[in-house]
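J.: Each number in the numbering used here corresponds to the 1-based position in the sequence shown with 4 added.
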Amino acid sequence: MSKNTYIEKFFKIDIQQDAILIYVKDIKWLSPYQPQEHLELVATLIKNTGEAGINQAIEATLNNQKHFITCSECNELNLTNHMHNNELCLACAANNHGIIY
Ligand SMILES: [Zn+2]
């Protein structure tokens with residue numbers, strides 16, 4: 005996935021009157037038909053922060069292992085709480101290591 009795809013998939017940028025709020029977006033499936041969006045505020049920028057500043061905040065979040073980890077087997081970036089552990093994503097744990105969820 006390209007970086008823009010990641011941003012679209014994982015981030016919500018909320019431009020308010022006096023600030024720009026950046027959230028990490030996590031979808032939890034309560035059932036196969038019930039997605040629940042969970043937002044975690046990761047950065048608050050001053051109102052006239054330009055695109056470069058916004059990108060910088062996003063970049064910092066993507067590089068923060070508290071939020072995102074790249075799977076060592078498929079090299080996909082994943083939300084940390086969607087990882088099996090610090091190295092394996094859930095799909096690789098299931099497909100390559102027989103771990104069943
Ligand atoms: Zn993987």
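C-beta atoms are modelled at their ideal positions from N, C-alpha and C, and glycine is treated no differently.
Owing to the predicted nature of the structure, the values given are computational and were not obtained by experimental measurement.
Between Ala-61 and Ile-17, is the Cβ-Cβ spacing less than 7 Å?
T.: Stepping through the sequence shown from its first residue, residue 61 is reached at position 57. Stepping through the sequence shown from its first residue, residue 17 is reached at position 13. Contact flag unset, no.
J.: Just tell me which of Met-87, Cys-93, Lys-13, Asn-100 has its CA closest to the CA of Leu-43.
T.: The residue labelled residue 43 in the question sits at position 39 within the sequence shown. When Met-87, Cys-93, Lys-13, Asn-100 are compared, the shortest CA-CA separation from Leu-43 is found for Lys-13.
J.: On the three-state DSSP scale, how would you describe Glu-12?
T.: Counted from its first residue, the sequence shown places residue 12 at position 8. The answer is helix: DSSP assigns Glu-12 an H, G or I state.
J.: Measure the C-alpha to C-alpha separation of Glu-3 and Asn-67 and round it to an integer number of angstroms.
T.: With the chain running from 5 to 105 in the structure shown, residue 3 is simply not present.
J.: Provide the residue span of the beta strand (DSSP E) that contains Leu-43, from first to last.
T.: Mapped onto the sequence shown, residue 43 falls at position 39. Start and end: 39–50.
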